[in-house]
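What follows is a single structure, written as structure tokens, with notes after it.
Chains as they are written, first to last, in my numbering: chain A, 5 to 415; chain B, 5 to 415.
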């Protein structure tokens, strides 16, 4: 890698760009399913409506359909038909009005609906109109919302509940989406013990395994648990080869520095290709990117806070693109005032765990008081990440770009 | 209902407050499950750590553990042991240093770690230290992140991926959460046709059914499809009674106005209790709230845009509270500049479908050009809702409170 302008580190945006481009090189196979099953999936084709919505002009109100040409001083009318939503009306008999309900089709010959609040029903059943009525009043024209031939959804869009509702509006029973990406995840470290087991001296509980599994589940991928790799080369090699047979992408945590105990690089040199990046990101910095056979590989750091940030900012970009998503990939960072100061600048872009708070001055960012902690307390406490650029100092009240966890899909 | 200070309509905040309070009157039963299964669930108990994290002081670097008292001008040392992460060290032999790796336990007798970059390995295997070393340098103290007895998560918190990772950190294999709320949903309207069927004149496709189903799924509830109710009283009554046997909460769309074709009110008067609210909300306004037998009932409007907004702003508050969630229920509305003007004020608080855009002036809100559409195109297009208060006009550049769809859990 040659793109390391500052302090020999790769800028975060360069890493994101490389990961996005690599992610787009392939998409999963396409499958077709019911709308309800497709929630959260990525659309594999543009969707074009083959009908007008509404399919006919209909009434926006409960009231009476009439022809304004009949309103020549005469304001008392016979009701010649009753049109409920879902029924097919007859043409409006000249000189009469039709009782009509919200959503019901406007009969031929009518050009307005007067709302029932502006009418009086007389003792003989006839109706007196006590308001002026304009042409087209309270009528929703045919095709007002969607015109036949109109594109309503784009390939590469993630199907939200609103998108599912919109697909239902045009009567489409199924939809073609990309298969869910299969992501194998492995952790490294002889010190790791599974929950429920006792801890010997020197051991710690494995939090990255549950963290990555949950992150992958939350983002809608198929998570394949590759387990914990023993800290030796043959075990690392065997685990990677097995993962490559099962998955579309492989992610590991830990083992990507160059210490004597780190075997990830050596193993992948035997069965693929690996770049070790030093990225100007804090927490984080070391990230490995390459392939095991033909399967893309991302090696995250071992510290859970670094996993959290590098997964959300870097790995997520690769995974969403590889899943086929092409829209709303990068959430907007929203400027919000900091309620803290940072006097010492950093050589890496820092992603602070911050919470939104209401102060007298309005909404402010509050910083977690232990940004260097190895565990996820601050990520649980926080609402998102505030970005402090390399070399930047912060005065209280300065606006910092804020990425909410919800906009990153993990709140 | 007496709380209708403006134009005879109930303020949105009053409706939210009533729904929150009613929601909190009951919580689902508690069940215990593995961490991975518990993602997205609501925690039914406080979680207290029974261990220190880290459990022993450990090294923050690859390097050498030593005792700074031994650094009396002497800077060349014998390496007396090698301590990998996960292994149990012996006490440090006086006058020697120990090879140590990131995460490995600090041996008794050592009080600092010098990073390997500040050391030279000599030909005879001894190591020369070429930096000054301070007491406690590169040591993560026992309990730095979590102290035994500390509360790490609160009852009523939604379990995000970070929270699952934090639970794994303290070695807890299972967690007690509330059972998923069972929500039955029904739609009303003889004009509704299911996807894939042909449309006769006057008919439209049923979008609310898929919309509500997807919204409930996306929020993690168990969605029970009660189907479409025919527009007559006996069918409405039978459908409601059946739903009340199956569900913890019942939601309907359509049929809550007082038109001749609306049978929801009449049906519930026979088997429960119902208030018909007129809320100062646009889109929306009519909302029904009551009970069928002992099962809470929320009747949403029939227009999909109104369903979308009243579900997210009103029904969601009831559902999350009833699910047992007590934290982060109302997302923060973030002030962002409007790139549009509104000259005519409204008698209801309006929730505009808006998109975030980058302009020369920074991030701005763009309004969808068809706010009155009946279909969900604008909800699909938008990133969230901008709030315009009753009586408020908007000049271009005015800051409006913005609720992102992601912060509402539906993007």
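Every residue, glycine too, gets a C-beta built ideally from N, C-alpha and C. Please read these numbers as outputs of a predicted model, since none were measured by experiment.
Relative to the Cα of residue 47 (chain B), the nearest Cα in the group B:339, B:329, B:282 and B:408 belongs to B:329. Counting along the chain, residue 25 (chain B) sits inside the alpha helix (DSSP H) bounded by residues 16-27.
Listed along the chain, the chain A residues whose CB falls inside 7 Å of the CB of residue 165 (chain B) are 215, 218, 219, 222 and 414. Per DSSP, reduced to three states, the secondary structure at residue 62 (chain B) is strand. Interface flag for residue 377 (chain B) against chain A is set, since a Cβ pair is found closer than 8 Å.
Beta-bridge partners of residue 123 (chain A) (DSSP): A:133. A Cβ-Cβ separation of about 18 Å leaves residue 294 (chain A) out of contact with residue 306 (chain A) under the 8 Å criterion. No Cβ of chain B is located within less than 8 Å of the beta carbon of residue 395 (chain A). Rounded to whole angstroms, the Cβ separation of residue 147 (chain B) and residue 56 (chain B) is 4 Å, and the two are in contact under 8 Å. With respect to residue 83 (chain B), residue 103 (chain B) sits close: the two C-beta atoms are nearer than 8 Å.
Residues of chain B whose Cβ lies closer than 8 Å to the Cβ of residue 144 (chain A) are, in chain order, 378. Sorting A:44, A:327, A:39 and A:309 by C-alpha distance to the C-alpha of residue 33 (chain A) places A:327 at the top. Proximity of the stretch 56-76 of chain B to the stretch 108-117 of chain B meets the contact definition, three or more beta-carbon pairs being nearer than 8 Å. Counting only the Cα atoms, residue 144 (chain A) lies some 49 Å from residue 383 (chain A). The Cβ atoms of residue 120 (chain B) and residue 52 (chain B) lie no closer than 8 Å to each other.
At a cut-off of 8 Å between beta-carbon atoms, residue 39 (chain B) makes contact with chain A. Against chain B, the beta carbon of residue 210 (chain A) has neighbours under 8 Å at 172, listed in chain order. Using a CB distance cut-off of 8 Å, residue 281 (chain A) does not count as an interface residue toward chain B.
Note that the C-beta distance between residue 369 (chain B) and residue 407 (chain B) is not below 8 Å.
When 8 Å is used as the limit between beta carbons, residue 308 (chain A) is near these residues of chain B: 169 and 173, in chain order. In this structure residue 357 (chain A) touches residue 375 (chain A) by the C-beta definition: roughly 7 Å separates them, less than 8 Å. Per DSSP, the continuous alpha helix (DSSP H) segment holding residue 171 (chain A) begins and ends at 165-173. Residues 413 and 414 of the same chain have their beta carbon placed closer than 8 Å to that of residue 222 (chain A), with the five preceding and five following residues left out of the count. With a threshold of 8 Å between beta carbons, residue 117 (chain A) makes no contact with chain B.
Residue 361 (chain B) has B:368 as its beta-bridge partners, per DSSP.
Contact annotation for residue 383 (chain B) against chain A: 166 [CB-CB distance below 7 Å, chain order]. Contacts with chain B at 8 Å (Cβ-Cβ) include residue 207 (chain A). Using beta-carbon distances, residue 155 (chain A) does not count as an interface residue toward chain B, since no partner is under 8 Å. Taking 8 Å as the threshold, the shortest C-beta distance from residue 203 (chain B) to chain A falls below it.
For residue 53 (chain B), no beta strand (DSSP E) segment is defined, and its DSSP state is neither H nor E. Taking the Cα of residue 59 (chain B) as reference, the smallest distance to any Cα among A:359, A:204, A:395 and A:64 is reached at A:204. Closest in alpha carbon position to residue 380 (chain B), among A:45, A:167 and A:73, is A:167.
Within chain A, no C-beta atom comes less than 8 Å from the C-beta of residue 24 (chain B); the nearest is roughly 18 Å away. Across the stretch 347-364 of chain B, CB contacts with chain A closer than 7 Å involve 360, in sequence order along the chain.
Contact between residue 63 (chain B) and residue 110 (chain B) holds, with the beta-carbon distance rounding to 6 Å and staying under 8 Å. Collapsing the DSSP output to three states places residue 42 (chain B) in a helix.
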